[in-house]
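J.: In this text, residue positions in the sequence shown follow our numbering: the first is 9, and each later residue adds one. For each residue, glycine too, the CB sits at the ideal point set by N, CA and C. After the structure tokens below, expect a handful of questions from me.
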Amino acid sequence: MLSSFFGSGSSEKCSGRASTHTGKCDATQKKNSPSTPSPNSSNLRLVRGFSPPASSSIPSSTNLILSENKNVQHSSASSSSSLPVSSRLSSKQQHQHHPQAHTSKSFNMSSAQEIDGAAHRVSLSASPTSNFSTSPFAARYQNAGQSSKHLKPFNTEDVRILLLENVNQTAVDILKKQGYQVEFHKASLPEEELIEKIRDVHAIGIRSKTRLSANVLKEAKNLIVIGCFCIGTNQVDLDYAAKHGITVFNSPYANSRSVAELVIGEIIMLARQLGDRSNEMHKGTWNKVSARCWEIRGKTLGIVGYGHIGSQLSVLAEAMGMNVIYYDVVPIMALGTAKQLPTLKDVLNQADFVTLHVPELPETKNMIGKEQLDQMKKGAYLINASRGTVVDISALIAASREGRIAGAALDVYPSEPAANGDYFNSTLNIWGDDLRTLKNLILTPHIGGSTEEAQSAIGIEVGEALVRYINEGNTVGAVNMPEVSLRSLTSEEDNHARVIFIHSNRPGVLRQVNEILGDHNVDKQMSDSRGDVAYLMADISDCSPKDIKVLYESLESLSARVLTRILY
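Laid out in structure tokens, this is it:
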């Protein structure tokens, strides 16, 4: 038995917390008997909330009814006639008979399948300064010598996942390999259609165009997890999601190299005026010039935001002979001979090329405006491959026309077209037509992470995070929940249940939870908090169906409850 971990709002990390290996269970290891649950019935189960059966045994044909109001009942094929009529209705039928009742989903027990990651492994470029506690792919390697208990005894085709915005095929393959029911769309959906579809899904995958506001999420009664197949998460109301038990994952590392390489290319293009020369050739004009064209060797690159992308870029630029300086709001160890300067103004004053790699926050909105452009060296260049709201475009246009800067490259914009083929002009942004007339200006349609390698890696990273959360409750890498993980249960650990309790972070709750758990043998437990929300996970051994029912009902009765899940 592992040592238990107890704490409320603790910042401590549990050793082995990223143990998320899943494997195939040998059903022949134990023979089924009335007193020994079948391999399926002893395994962990995904539910948003449920009421286990009162009986001491679970029929092999068990169905699990998952309700939006988090009240779920078991029924067996042989005894369904004894259940209330409403529990035997389909989702649509229940809704018709009870317009104000929550819809239900049925989960049938089946064997588990491993995360399909090995066939899609891609080497990722992660920043050496990254501060995550566990590699996002640690699940592939830990507990490799053990036989993991299957974590999906339900009929996985009843787990509904909605993927929007042409999420990479690697993610689709990983999720379908699990048996989940995956609905795939190449584009984002209008809000009305999104609200209609999100009501029935348990997970949703998006990129940067889909907005999951509180108005949308309040309709997502079955939703337990969101996967953002990109770096940014500003398109999701993270606070609302957390307070309603919806965990959000993103991909902070997988496209770092692709964005850094794009910026290196843009630096060279700007220094050599390649955009203008290419446009002239396309128009049939031969214009061989060297005036105001430069090598980048010996020039100074100023990086604003020295995170995953900024640090990657630093290494590449230095290898090409550039001097690197950077500004970040927190002290970060420099790579190579790069130097951190104390203020943004210092970087703007000294850099020949300024490149921005910051998140979209209230503090970063228009952080490069007229004042900052005036602080740049005359004849310097500006590159923005971070977020469109970071640069005041009107001020940039004025600085370019007045000759204060020699050129710019933009990959992101305050407002962007909804789909490929849409126009990028003044109907979208009032300065759109003026921007396109500038000299030595490179405009790209938000393609920083648009490489085969990056999108494949993002698909794997987020796809596997969704599987680990759905099947095991693992929140390592979540952006709006505490990072909590317990090792996978092994096939030798029968009659175990995994308790997941998301609750308001306030004094006394952990004591109440432990009073409930105290009547059982807690093999291992971990609790952590983030802001107003706390996340507790505990593995209980020698747990009968009656025990599970009591556990669930007791936890549900707590006023601090946000979401109760029991996986068994």
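If I measure Cβ to Cβ from Ile317 and keep anything under 7 Å in the same chain, skipping five residues before and after, which residues do I get?
T.: Ser264, Val267, Ala268, His365, listed in sequence order.
J.: What separation, rounded to the nearest whole angstrom, lies between the Cα atoms of Leu571 and Gly481?
T.: The alpha-carbon atoms of Leu571 and Gly481 are separated by roughly 12 Å.
J.: By the DSSP assignment, the beta strand (DSSP E) with Gly284 in it spans what residues?
T.: Looking at the sequence provided, one finds Asp at residue 284 rather than Gly. Not the beta strand (DSSP E): Asp284 falls in the alpha helix (DSSP H), residues 282-290.
J.: Do you know how far the Cα of Leu225 is from the Cα of Gly526?
T.: Approximately 35 Å, taken between the alpha carbons.
J.: Where do the N-terminal and C-terminal ends of the beta strand (DSSP E) with Leu369 fall, by residue?
T.: Taken as a continuous stretch (DSSP letters only), Leu369 belongs to no beta strand (DSSP E), as it is neither H nor E.
J.: Using DSSP's beta-bridge definition, name the partner residues of Tyr560.
T.: Beta-bridge pairing links Tyr560 to no other residue.
J.: Can you tell me which of Val521, Leu381, Cys236 puts its alpha carbon nearest to the alpha carbon of Ala473?
T.: Among Val521, Leu381, Cys236, the Cα nearest to that of Ala473 belongs to Cys236.
J.: So is the beta-carbon of Ile304 under 7 Å away from any non-hydrogen atom of the ligand SAH?
T.: With respect to the ligand SAH, the structure offers nothing, as it holds no ligand at all.
J.: Quick check: the Cα distance between Pro422 and Ile413, rounded to an integer number of angstroms?
T.: Using only the alpha carbons, I get a separation of about 21 Å.
J.: Using DSSP with H/G/I as helix, E/B as strand and the rest coil, what is Lys347?
T.: Residue state, collapsed to three classes: strand.
J.: So, is Arg7 buried or exposed, given that buried needs 16 or more other C-beta atoms within 10 angstroms?
T.: Within the shown structure, residues of the chain are numbered from 9 to 576, placing residue 7 beyond reach of any answer.
J.: For Ile478, which of Gln186, Val180, Val175, Asn174 has the nearest alpha-carbon?
T.: It is Gln186.
J.: Please list, in chain order, all residues of the same chain as Glu274 whose beta carbon is under 6 Å from its beta carbon, the five residues on each side excluded.
T.: So the list reads Ile391, Ala417, Ile450, once near-sequence residues are dropped.
J.: Note down, one range per segment and in chain order, each beta strand (DSSP E) of at least 3 residues found wholly within the segment 186-267.
T.: Counting whole runs of 3 or more residues, the segment 186-267 contains the beta strand (DSSP E) stretches 189-192, 211-214, 233-236, 255-257.
J.: Would Gly306 and Ser322 qualify as a contact pair, given that the criterion is a beta-carbon distance under 8 Å?
T.: Result no, Cβ atoms of Gly306 and Ser322 do not sit closer than 8 Å.
J.: In terms of residues, what are the limits of the beta strand (DSSP E) holding Leu446?
T.: That residue, Leu446, is in no beta strand (DSSP E); it is neither H nor E in DSSP.
J.: Starting from the C-beta of Asp528, find all residues in its chain whose C-beta is less than 7 Å away, skip the five residues before and the five after it, and write them out in chain order.
T.: Before going further, note that residue 528 is His rather than Asp in the sequence given. Closer than 7 Å at the Cβ level, and outside the excluded window around His528, lie Ile548, Cys551, Asp555.
J.: So Leu309 and Ala359 are in contact, right, with Cβ under 8 Å, and what is the actual spacing, rounded?
T.: With a Cβ gap of about 6 Å, Leu309 and Ala359 count as contacting.
J.: Apart from the five residues on each side of it in sequence, which residues of its chain come closer than 6 Å, Cβ to Cβ, to Glu326?
T.: Taken in chain order, the residues that qualify are Val332, Gly344.
J.: Alpha carbon to alpha carbon, what distance is there between Arg215 and Glu590?
T.: There is no way to answer for residue 590, as the model of the chain reaches only from 9 to 576.
J.: Less than 8 Å between the beta carbons of Leu183 and Lys205, yes or no?
T.: The answer is no: Cβ separation not under 8 Å.
J.: What number of angstroms, rounded off, separates the C-alpha of Ser12 from the C-alpha of Asp531?
T.: With a pLDDT of 27 at Ser12, under the threshold of 50, the modelled position of this residue cannot be trusted, and the question is left open.
J.: Whose CA, out of Ser319, Asp247, Ser394, Ile311, lies closest to the CA of Arg538?
T.: Checked all of Ser319, Asp247, Ser394, Ile311; the closest Cα to Arg538 is Asp247.
J.: Measure the CB-CB distance between Ile212 and Leu197 and report whether it falls below 8 Å.
T.: No, Cβ-Cβ distance for Ile212 and Leu197 is not below 8 Å.
J.: Within a Cβ cutoff of 8 Å, which residues of the same chain sit near Leu270, ignoring the five residues on either side of it in sequence?
T.: So the qualifying residues of the chain are Ala393, Asp419, Thr452, Ile455, Gly456.
J.: Taking Val420 as part of the beta strand (DSSP E), name the residues at either end of that continuous run.
T.: Careful: Val420 lies outside any beta strand (DSSP E) and carries neither H nor E.
J.: How long is the line joining the alpha carbons of Asp502 and Ser458, rounded to whole angstroms?
T.: Going by the C-alpha atoms only, they are around 46 Å apart.
J.: Would you mind working out which of Gln189, Leu446, Thr293, Tyr431 sits nearest Arg409, comparing C-alpha positions?
T.: Closest by alpha carbon: Leu446.
J.: If you run the structure through DSSP and keep just helix, strand and coil, what is Arg395?
T.: In this structure, Arg395 counts as coil in the three-state DSSP scheme.
J.: Can you tell me which of Phe361, Gly440, Gly387, Pro425 puts its alpha carbon nearest to the alpha carbon of Asp400?
T.: Nearest of Phe361, Gly440, Gly387, Pro425 to Asp400, Cα basis: Gly440.
J.: For Ile317, which three-state DSSP category applies?
T.: Of the three classes helix, strand and coil, the one that applies to Ile317 here is helix, per DSSP.
J.: Might you give, ordered along the chain, the residues of its own chain that have their beta carbon closer than 6 Å to the beta carbon of Arg569, omitting 5 neighbours on each side?
T.: Hits under 6 Å: His511.
J.: Less than 7 Å between C-beta atoms, sequence neighbours within five positions excluded: which residues of the same chain meet that for Asn295?
T.: Arg285, Glu288, listed in sequence order.
J.: What is the DSSP secondary structure of Ala568, counted as helix, strand or coil?
T.: Three-state DSSP puts Ala568 in coil, outside helix and strand.
J.: With a 10 Å radius around its C-beta and 16 neighbouring C-beta atoms as the bar for buried, classify Pro490 as buried or exposed.
T.: Counting Cβ neighbours within 10 Å, Pro490 comes out buried, since at least 16 surround it.
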